[in-house]
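For reference, the structure is listed below as structure tokens.
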Amino acid sequence: MDMFKKLETERLTLESIRLEDAKILYEEIFNDFEYYKFYFQLPYKTFEDFFRTIQKYQEYYEEGNHFIWGIRLKNNKKIIGIVLLHGKDKLNNSCKIGYIISKQEQNKGYITEAIKSVISFCFEVLEIHRIEANVLPNNLKSIKILEKIGFHYEGLKKECYKINDEYFDEKSYALIKK
Ligand SMILES: CC(C)(COP(=O)(O)OP(=O)(O)OC[C@H]1O[C@@H](n2cnc3c(N)ncnc32)[C@H](O)[C@@H]1OP(=O)(O)O)[C@@H](O)C(=O)NCCC(=O)NCCS
610 MDMFKKLETE RLTLESIRLE DAKILYEEIF NDFEYYKFYF QLPYKTFEDF FRTIQKYQEY
670 YEEGNHFIWG IRLKNNKKII GIVLLHGKDK LNNSCKIGYI ISKQEQNKGY ITEAIKSVIS
730 FCFEVLEIHR IEANVLPNNL KSIKILEKIG FHYEGLKKEC YKINDEYFDE KSYALIKK
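Convert by adding 609 to the 1-based position in the sequence shown; the result is the number in the numbering used here.
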């Protein structure tokens, strides 16, 4: 069963990621390790690795375990970021959410808009009960977004995020279906 669902918001479409989108995402986001390393992890070393990772995530739709969407602006069709659901726990109906957007498109409300729609999809279509988000304590912007949407703080996970052989704590947030 193909579970992939294209989502639409006022200014954005959330779509599957094609090769040409992946090239842009890699150039504008995922190749910029120095800027993004404190925020996001995807295991890849080259563009080919990166694209294979994206493809693998897209294949997981079949199993309903991983979902990844490219965020595209409706006005100029540009791909600007991704939202992803991972770590789906079928026994307990829970999953984790991650998101990232290119530097030049930040602070325009796009991620808030995109993840609200993914959260609705999660609760209404996937029938997920609990969504978790883990954030580095210095990522104040991401924390603000989560709190604004209604996620509650559950505690500090000790040394669970590894960057260049160093371990960092993460704050854990969750949103429960009402
Ligand atoms: C975090 C990130 C996803 C936010 O995306 P975005 O599209 O810029 O987010 P939005 O515009 O929807 O919302 C940003 C909010 O943070 C607020 N904000 C901006 N800088 C801030 C700061 N230093 N401290 C607190 N809040 C801040 C903005 O005012 C805005 O809130 P508002 O809508 O109430 O005004 C983006 O910066 C990013 O890609 N960062 C790197 C990857 C990352 O951190 N991913 C999340 C991992 S948990």
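Virtual Cβ for every residue (Gly too), placed ideally from N, Cα, C.
With a threshold of 7 Å, the Cβ atom of L616 does not count as near ligand 1, since no heavy atom of the ligand is closer than that.
Annotation: L634 to K712 spans about 11 Å, alpha carbon to alpha carbon. When the beta-carbon positions are compared, H675 and L700 stay at least 8 Å from each other.
Taking every protein chain shown into account, the CB of Y782 has 16 or more other CB atoms within 10 angstroms, so this residue is buried. In its chain, beyond the 5 residues on either side, Y635, F639, Y653 have a beta carbon closer than 6 Å to the beta carbon of F659.
Distances between the C-beta of S751 and the heavy atoms of ligand 1 include at least one below 7 Å. Each of H738, T622, T655 was checked against the Cα of K632, and the nearest Cα belongs to T655. Relative to C769, the option among D778, H761, D698 whose CA is nearest is D778.
Ranking N748, Y762, K780, L784 by CA distance to the CA of V727 puts L784 first. Taking a C-beta distance under 8 Å as the contact criterion, F730 and K786 do not qualify as a contact pair.
In the three-state reduction of the DSSP assignment, T662 falls in the helix class.
Between the alpha carbons of K725 and K766 lies a gap of roughly 25 Å.
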